[in-house]
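Counting with the working numbering, you get residues 7 to 122 for the letters of the sequence shown.
This report concerns only the one structure given below.
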Amino acid sequence: METRATLNPEIIAEWGRRCAKSRRASRVPRYFLVAAILIASSLPLFGVVACFPYLLYVGVIAIFAAAMFPGAAFASLRCPNCDKVLISAGQIPLTPIDFCPHCRFWLIDPRGGAGT
Ligand SMILES: [Zn+2]
7 METRATLNPE
17 IIAEWGRRCA
27 KSRRASRVPR
37 YFLVAAILIA
47 SSLPLFGVVA
57 CFPYLLYVGV
67 IAIFAAAMFP
77 GAAFASLRCP
87 NCDKVLISAG
97 QIPLTPIDFC
107 PHCRFWLIDP
117 RGGAGT
């Protein structure tokens, strides 16, 4: 059985606004994560790791958090139509989500128009 998504320009525009707001909100924490990665990766150059070996673990955790942060911030967004979270807890999307899996409304214009 084939199911089709519903196209509503207002939903697509609202989704674009929510994504932009999420990107703005996550900008500063992302800078802190990048700074933590740079600091953690430069510590072995100065011989600090020999004194504090646990700093390597902190660096690995910071890199992991930086890799997961964009997906985690995106996962908290709710569908403008049905107001449900798009992704279940613990899931990180590997591909962009272009429609809501709950109400099947397009979130990104499939014709390549406005959106995120
Ligand atoms: Zn929905």
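Note that beta-carbon positions come from the ideal geometry of N, C-alpha and C, so glycine has one too.
In this text, all values refer to a predicted model and were calculated from it rather than measured experimentally.
Of the residues Asn87, Ser94 and Ser47, the one whose Cα lies closest to the Cα of Leu113 is Asn87. Excluding the 5 residues flanking it on each side, Val91 has same chain C-beta neighbours closer than 6 Å at Arg84, in chain order.
For the pair Leu39 and Ala71, the CB atoms are nearer than the 8 Å cut-off. With at least 16 other beta carbons inside 10 angstroms of its own, Ala68 counts as buried. Here Trp112 is bridged, per DSSP, to Phe105. At the C-beta level, Ala26 and Phe105 stay beyond 8 Å of one another. Annotation for Ser47: Gly65 place their beta carbon closer than 7 Å to its own, counting only its chain and skipping 5 residues before and after. In this chain, the alpha helix (DSSP H) harbouring Gly22 covers Pro15 to Ser48. Not one heavy atom of ligand 1 lies closer than 7 Å to the C-beta of Asn14.
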